[in-house]
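Structure first, then comments.
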Amino acid sequence: MRNKVFKSFVLAFLLFTIVSCAGTPIITMVNGKSWLSGKSAPPEANVDGIWLSKEFGGITLKQAQDSRDVSGSTMDGWNINGVVSGKRVFLFFSDEVRIVYSVVLTAVSEKELTGVWARELINEQSKTEPVMLQR
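Spelled out as structure tokens, the structure:
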């Protein structure tokens, strides 16, 4: 009888775990690259350098001269990938497997970027919060 109860408990636990995980999609790097691919205007801003943000702390961004592509990292270990499209900057923060945050910014000046951030990738349904980066 004990063995049967134990097996039932294990089966119920496994079923609960599978159903719980199925409801939590993982936003992958492939999703992020797809999100960035639609942002294709020539760059009108250079974001290369060290930026400070109340929301994310210190951020290092790398952008080669005349390149759209941006990479970088935060002081607390998130990897950053993105593009500059016109005066807008699109970034996502990841752990190299899943995307945790995304940011859409506008270059206000050479020393200030303003915009919004959200968990996962920003879309029409995202609940966004304001963000400002300064160098």
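Heads up, the sequence shown is in this note's numbering, so the first residue is 2 and it goes up one at a time.
Glycine residues also receive a C-beta, built at the ideal position from the N, C-alpha and C atoms.
What residue from Thr129, Val109, Gly87 has the CA that sits closest to Ser41's CA?
If you number the sequence shown from 1, residue 41 lands on position 40. Nearest Cα to Ser41 within the set Thr129, Val109, Gly87: Gly87.
Provide the residue span of the beta strand (DSSP E) that contains Ser54, from first to last.
What you label residue 54 is simply residue 53 of the sequence shown in a count that begins at 1. Here the beta strand (DSSP E) through Ser54 covers 50 to 54.
Could you tell me which residues DSSP pairs with Gln135 in its beta bridges?
The residue given as residue 135 occupies position 134 in the sequence shown. In the DSSP output, where bridge partners are listed per residue, Gln135 has Leu53, Glu113.
At which residues does the beta strand (DSSP E) containing Lys63 begin and terminate?
Taking the sequence shown and counting its residues from 1, the one referred to as residue 63 is at position 62. 58 to 63 is the extent of the beta strand (DSSP E) around Lys63.
Distance, Cα to Cα, Pro44 vs Pro26?
To locate residue 44, count along the sequence shown from 1; it is residue 43. To locate residue 26, count along the sequence shown from 1; it is residue 25. Straight-line Cα distance between these residues: approximately 32 Å.
Pairwise C-alpha distance: Lys112 and Ile28
Residue numbering aside, residue 28 sits at position 27 when the sequence shown is read from its first letter. Residue numbering aside, residue 112 sits at position 111 when the sequence shown is read from its first letter. Take the alpha-carbon of Ile28 and the one of Lys112: they are about 31 Å apart.
Could you pull out every residue in the same chain whose Cβ sits closer than 6 Å to the Cβ of Thr129, ignoring the five residues on either side in sequence?
Residue mapping note: residue 129 aligns to position 128 of the sequence shown, counting from 1. These residues qualify, in order along the chain: Val117, Ala119.
Between the alpha carbons of Gln135 and Gly33, how many angstroms are there, rounded?
Position 134 of the sequence shown, counted from the start, is the residue given in the question as residue 135. Position 32 of the sequence shown, counted from the start, is the residue given in the question as residue 33. Each residue's Cα considered, the two are about 24 Å apart.
Which residue's Cα is closest to the Cα of Gln66: Ser54, Lys55, Asn47, Trp79?
Translated into the one-based positions of the sequence shown, residue 66 becomes position 65. It is Asn47.
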